[in-house]
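Written out below as structure tokens is the structure these notes cover.
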């Protein structure tokens, strides 16, 4: 029994040591990606004015008037702390809890999402998704030591990452202004199309607005979904479920994301913003 206990303690110590090593390496690489986002350079602080939204589709004007205040700073960087659940095995309907830090910037558009998904007690898969310097990339690693997912710098990856950025820009509403590069086209009284170009990618989302003027959902008729190494263009939608005022702006604090499959919607991300900070230098993990 004594020998067995010693072996168990030794194994636990080895695993803990490896996890610490992997975590340090992961944080170093994540910090390097965040440092390359490149927004937030010093300069005069621009401010929002209603004159900028004149001529935009009616639901888009209502959105900015609901989400922003006249004369408020135009923020170009946000840092979010998130928590939620992620579907890692659709066939078994297996969800795991996650926590994440996300940095996002506008002008140029970019983000880095750094998530920790707990797959078992003491064990985690680390996931980094992002759009940096005009290119998309996603990396998954078990404990920061063994790569389990790598998708980098292809046109499908970059387009999907930019679509994610555009859908999540509701967390940084000033990133949806025309001055941030977003082109709005009318659809009807409650819908408009947002188009954004960055790097070599141009993407569009159909955005639906509620009676309160705020964004309810963002829809892409085609977003690339990976299955066994092959990318399939698939309808996709992100939905916002609750709003709060943060930093003088009204932003969504909870939501879910789903693939719209022939068999029916498949939600794969449910999350909540625990904290958000605007402006300032990149956060250090």
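Residue numbers (my numbering): 26 to 310. Ideal Cβ positions, reconstructed from N, Cα and C, are used throughout, including at glycine. Note that this is a predicted model, so its numbers are computed, not measured.
Boundaries of the alpha helix (DSSP H) in which residue i is found, first to last residue
{"i": "residue 87", "result": "83-92"}
{"i": "residue 193", "result": "180-193"}
Cβ-Cβ distance between residue i and residue j below 7 Å
{"i": "residue 296", "j": "residue 127", "result": "no"}
{"i": "residue 223", "j": "residue 162", "result": "no"}
{"i": "residue 317", "j": "residue 73", "result": "Here the chain covers residues 26 to 310 and nothing more, so residue 317 does not appear."}
{"i": "residue 181", "j": "residue 244", "result": "no"}
{"i": "residue 364", "j": "residue 191", "result": "There is no way to answer for residue 364, as the model of the chain reaches only from 26 to 310."}
{"i": "residue 280", "j": "residue 265", "result": "yes"}
{"i": "residue 132", "j": "residue 101", "result": "yes"}
{"i": "residue 84", "j": "residue 249", "result": "no"}
{"i": "residue 292", "j": "residue 278", "result": "no"}
{"i": "residue 258", "j": "residue 247", "result": "yes"}
{"i": "residue 113", "j": "residue 199", "result": "no"}
{"i": "residue 173", "j": "residue 165", "result": "yes"}
{"i": "residue 206", "j": "residue 187", "result": "no"}
{"i": "residue 169", "j": "residue 51", "result": "yes"}
{"i": "residue 155", "j": "residue 137", "result": "yes"}
{"i": "residue 254", "j": "residue 97", "result": "no"}
{"i": "residue 130", "j": "residue 62", "result": "yes"}
{"i": "residue 111", "j": "residue 294", "result": "yes"}
{"i": "residue 217", "j": "residue 211", "result": "yes"}
Buried or exposed (CB count within 10 angstroms, at least 16 for buried), residue i
{"i": "residue 34", "result": "The predicted position of residue 34 is uncertain, since its pLDDT is 49 and thus under 50; a value taken from the coordinates is nonetheless stated next. Residue 34 should be labelled exposed."}
{"i": "residue 160", "result": "buried"}
{"i": "residue 125", "result": "buried"}
{"i": "residue 150", "result": "buried"}
{"i": "residue 57", "result": "exposed"}
{"i": "residue 300", "result": "exposed"}
{"i": "residue 139", "result": "buried"}
{"i": "residue 196", "result": "buried"}
{"i": "residue 209", "result": "buried"}
{"i": "residue 67", "result": "Confidence at residue 67 is low in this model, with a pLDDT of 45, below 50, so its placement is unreliable and the value that follows should be read with caution. The residue in question, residue 67, is exposed, as its Cβ has fewer than 16 Cβ neighbours within 10 Å."}
{"i": "residue 227", "result": "exposed"}
{"i": "residue 304", "result": "exposed"}
{"i": "residue 193", "result": "buried"}
{"i": "residue 283", "result": "buried"}
{"i": "residue 80", "result": "exposed"}
{"i": "residue 312", "result": "Coverage of the chain is limited to positions 26 through 310, which leaves residue 312 absent and any answer about it impossible."}
{"i": "residue 183", "result": "buried"}
{"i": "residue 263", "result": "buried"}
{"i": "residue 204", "result": "exposed"}
{"i": "residue 185", "result": "buried"}
Host beta strand (DSSP E) of residue i (start-end)
{"i": "residue 133", "result": "No beta strand (DSSP E) holds residue 133; DSSP gives it neither H nor E."}
{"i": "residue 116", "result": "First-last for residue 116: undefined, no H or E at that position."}
{"i": "residue 167", "result": "160-167"}
{"i": "residue 154", "result": "148-157"}
{"i": "residue 177", "result": "171-177"}
{"i": "residue 211", "result": "208-213"}
Opposing strand residues paired with residue i [DSSP bridges]
{"i": "residue 231", "result": "218 and 244"}
{"i": "residue 302", "result": "104"}
{"i": "residue 269", "result": "276"}
{"i": "residue 77", "result": "Paired residues: none, contrary to the question."}
{"i": "residue 127", "result": "105 and 138"}
{"i": "residue 291", "result": "284"}
{"i": "residue 255", "result": "252"}
{"i": "residue 145", "result": "148"}
{"i": "residue 51", "result": "Answer is none; residue 51 lacks a bridge partner."}
{"i": "residue 260", "result": "None, per the DSSP bridge assignment."}
{"i": "residue 223", "result": "226"}
{"i": "residue 203", "result": "DSSP, once it has assigned bridges, lists no residue as partnering residue 203."}
{"i": "residue 297", "result": "108 and 279"}
{"i": "residue 72", "result": "98"}
{"i": "residue 122", "result": "110"}
Residue i CB to nearest heavy atom of the ligand ZN below 6 Å
{"i": "residue 143", "result": "With respect to the ligand ZN, the structure offers nothing, as it holds no ligand at all."}
7 Å Cβ cutoff, residue i in contact with chain B
{"i": "residue 187", "result": "Here there is only one protein chain, and chain B is not present."}
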